[in-house]
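Enquirer: Just so you know, our numbering puts 419 at position 173 of the sequence shown, and the rest follows in order with no gaps. In this text, a Cβ means the ideal position worked out from N, Cα and C, and glycines have one as well. All values reported here derive from a predicted model rather than from experimental measurement.
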Amino acid sequence: MTASIPAQAQRPGLDATPAAQTRIWDLPTRVFHWVLAVAVIAQIATGFGGAMEWHFRIGYVLLALLLFRIAWGFVGGRWSRFSSFLYSPRSLRDYLRGRAPPDHLVGHSPLGALSVFALLLLLVVQVATGLVADDEIAASGPLAQFVPGAIVSAATYWHAMIGKWIVIGLASLHVLAVLFYVGVRRQRLVRPMITGDKRLPEGGTAPSRDDAASRLLAMAVFAACAAFATWIASLRP
């Protein structure tokens with residue numbers, strides 16, 4: 247979740263500053279965002295629909311995507327790096343009180359960052375438990391054979407009975423929050439995640455790097471992550 251700069255957070259005289267399109271979200275981050283959304287929806291659908299082979303396949307895609315996003319959080323564009331949206335509790339408090347500085351509202355806002363980290367962490371846990379889950383009928387994760395039975399049982403229970411509902415709840419809350427910001431607060435959140443750009447005061451915001459070299463790096467990183475996920479998949483009995 248992202249947020250543009252609300253009027254009350256702008257500095258005096260900011261409206262008179264010439265605005266320019268500034269690259270905030272690099273292409274790899276945008277592709278990750280939308281592919282992840284589709285994959286999560288597909289994973290929920292296949293889980294409830296009992297299409298377990300597809301559930302596993304999409305799970306490996308999610309594994310590769312999450313590994314990529316973790317790596318890209320350190321080497322990606324300026325506003326895709328974790329360092330750009332690691333906020334202190336005080337920053338979150340100031341944001342909720344409408345006193346956040348403008349640079350905290352360019353990429354992920356403090357509240358949006360909390361949502362992003364929560365979703366990423368939960369998805370990592372959900373994928374990890376799926377890799378060691380075993381329903382003792384037809385579905386067994388590729389790593390279940392390597393861990394103690396007690397861990398397999400706990401992971402299976404979490405994955406099938408608890409984690410999936412928390413994922414659905416957080417994802418739904420995320421969508422509702424975006425709709426609120428777009429419909430009520432009139433902040434453009436969706437378009438920048440499609441085009442990558444935001445209209446911001448000229449020269450006031452450092453753009454994200456999004457050139458051919460960075461995109462090639464992203465492809466190499468994702469290829470490594472996909473190769474690892476493929477190897478994990480090959481361990482399934």
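Using only alpha-carbon positions, find the residue among Leu481, Val430, Ile270, Tyr341 that is nearest to methionine 439.
Expert: Of the candidates Leu481, Val430, Ile270, Tyr341, the one whose C-alpha sits nearest the C-alpha of methionine 439 is Ile270.
Enquirer: Alpha carbon to alpha carbon, what distance is there between tyrosine 341 and aspartate 349?
Expert: Taking the straight line from one Cα to the other gives about 11 Å.
Enquirer: To the nearest whole angstrom, what separates the beta carbons of valine 398 and valine 378, a pair I think is in contact under 8 Å?
Expert: Going by Cβ atoms, the distance from valine 398 to valine 378 rounds to 6 Å, so yes, they are a contact pair.
Enquirer: Quick one: is tryptophan 411 buried, meaning 16 or more other Cβ sit within 10 Å of its Cβ, or exposed?
Expert: With fewer than 16 other Cβ atoms within 10 Å, it is exposed.
Enquirer: Go ahead and label alanine 265 buried or exposed: buried means 16 or more other beta carbons lie within 10 angstroms of its beta carbon, across all protein chains shown.
Expert: It counts as exposed.
Enquirer: Return the residue from the list Arg303, Gly322, Ala285, Phe314 that minimises the CA-CA distance to serine 460.
Expert: Nearest of Arg303, Gly322, Ala285, Phe314 to serine 460, Cα basis: Gly322.
Enquirer: Would DSSP call leucine 447 helix, strand or coil?
Expert: As written in the sequence, residue 447 is proline, which differs from the leucine given in the question. Three-state DSSP puts proline 447 in a strand.
Enquirer: Start and end of the beta strand (DSSP E) containing alanine 266?
Expert: Looking at the DSSP string, the run of the beta strand (DSSP E) that includes alanine 266 is 265–269.
Enquirer: How many whole angstroms separate the CB atoms of leucine 435 and valine 424, which I take to be in contact at a CB cut-off of 8 Å?
Expert: Contact holds; Cβ gap of about 5 Å.
Enquirer: Using CA coordinates, which residue listed in Leu369, Leu332, Val370 is at the minimum distance from leucine 357?
Expert: It is Leu332.
Enquirer: Please go through the same chain and pick out, in chain order, the residues whose beta-carbon is closer than 8 Å to the beta-carbon of alanine 475, but skip the five residues on each side of it.
Expert: Cβ neighbours of alanine 475 beyond the five flanking positions: Tyr306, Val307, Leu309, Ala310, Leu313.
Enquirer: Starting from the Cα of arginine 324, find the closest Cα among Ala472, Ser454, Gln433, Met465 and give me that residue.
Expert: When only C-alpha atoms are compared, the closest one is Ser454.
Enquirer: If I measure Cβ to Cβ from alanine 390 and keep anything under 7 Å in the same chain, skipping five residues before and after, which residues do I get?
Expert: So the qualifying residues of the chain are Val378, Ala379, Asp380, Val398.
Enquirer: Tell me the rounded alpha-carbon separation between phenylalanine 278 and proline 388.
Expert: Each residue's alpha carbon lies about 25 Å from the other.
Enquirer: From this set, Ala374, Arg339, Pro347, Met407, which residue's C-alpha is nearest leucine 360's C-alpha?
Expert: Comparing Cα positions, the closest option is Arg339.
Enquirer: At which residues does the alpha helix (DSSP H) containing glutamate 299 begin and terminate?
Expert: 298–321 is the span of the alpha helix (DSSP H), which, as asked, contains glutamate 299.
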